[in-house]
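Here the structure is laid out as structure tokens; the discussion comes afterwards.
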Amino acid sequence: IIIDSIPDHIPLYSKLQKLYQPQAKLIFQVGNAWTDLPGVSNILSSTAPFAVGPGINVCFYHQEFDLDVFNYVSPSNRTIISSYIHWMKELPLLENYKGLLPEWKFTAYGAGMEKSIFKTKDISKTLSNSGLTWHIKPEGDGFGHTLHHSYACGRPAILKANYYQGK
Numbered sequence: 128i129i130i131d132s133i134p135d136h137i138p139l140y141s142k143l144q145k146l147y148q149p150q151a152k153l154i155f156q157v158g159n160a161w162t163d164l165p166g167v168s169n170i171l172s173s174t175a176p177f178a179v180g181p182g183i184n185v186c187f188y189h190q191e192f193d194l195d196v197f198n199y200v201s202p203s204n205r206t207i208i209s210s211y212i213h214w215m216k217e218l219p220l221l222e223n224y225k226g227l228l229p230e231w232k233f234t235a236y237g238a239g240m241e242k243s244i245f246k247t248k249d250i251s252k253t254l255s256n257s258g259l260t261w262h263i264k265p266e267g268d269g270f271g272h273t274l275h276h277s278y279a280c281g282r283p284a285i286l287k288a289n290y291y292q293g294k
């Protein structure tokens, strides 16, 4: 089995499968609300069910996370707003709010952002040390780990609800 989870990697993983593991099944794991998956015939999805074309195999499932790791702890600083969006598309909006709310400290974690976090326990720690989670993500989410983790830690999220309707 070869599992891919980023649409841009589909051609590369397909090539690797054909060259080195032709007997392997190439499966695309859908964890976000991806819409265009050319060349994919096997899908494992933790999103809301969606229609697939003929010849496409799909399995929908529900992700889980450890509530012993993500749980409520009284925030040490309620004026911290943390974001966990990789390659944030709405960065200018976040920057605008930083200027409008100088008494708040904004921190953006993730690929392409000012800081990175690599361990689940560290994500939990930063959530627990903040007052709010910034999660304005136009492409929406599949399962929505950041939102579920934030709520499990008792942290409200700043978001645009229409990005999540029907997800």
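Heads up, the sequence shown is in the numbering used here, so the first residue is 128 and it goes up one at a time.
Built from N, CA and C at the ideal position, the CB exists for glycine as well.
For Ile212, the nearest candidate out of Arg205, Ile250, Lys152 (CA to CA): Minimum Cα distance to Ile212 is reached at Ile250.
Residues bridged to Ala284 [DSSP beta-bridge criterion]: DSSP output for Ala284 lists Thr260 as bridge partner(s).
Cut-off 8 angstroms between Cβ atoms - residues of its own chain near Leu254, not counting five sequence neighbours on either side: So the list reads Phe197, Ser209, Thr260, His276, Ser277, Cys280, Arg282, once near-sequence residues are dropped.
C-alpha gap between Trp214 and Asp195, whole angstroms: Those two C-alpha atoms are separated by around 29 angstroms.
Distance between beta carbons of Asn159 and Glu241, contact taken as under 8 angstroms: Going by Cβ atoms, the distance from Glu241 to Asn159 rounds to 22 angstroms, so no, they are not a contact pair.
Of the listed residues Lys248, Ser203, Thr273, nearest to Ala235 (C-alpha basis): Ala235 has its Cα closest to that of Thr273, out of Lys248, Ser203, Thr273.
Helix, strand or coil at Tyr236 according to DSSP, with G and I counted as helix: Strand.
For Arg205 and Leu228, the rounded distance between their alpha carbons: If you draw a straight line from the Cα of Leu228 to the Cα of Arg205, it is about 13 angstroms long.
Where Ser141 sits in the DSSP three-state scheme: The three-state secondary structure of Ser141, taken from DSSP, is helix.
Close-in-space but distant-in-sequence residues of the same chain around Gln144 (CB under 8 angstroms, 5 per side omitted): Counting only Cβ-Cβ distances below 8 angstroms, and skipping sequence neighbours, we find Ile129, Ala151, Leu153.
Proximity below 8 angstroms, CB of Pro296 to CB of Ile137: No information on residue 296 is available, as it lies outside the stretch 128 to 294 that the chain covers here.
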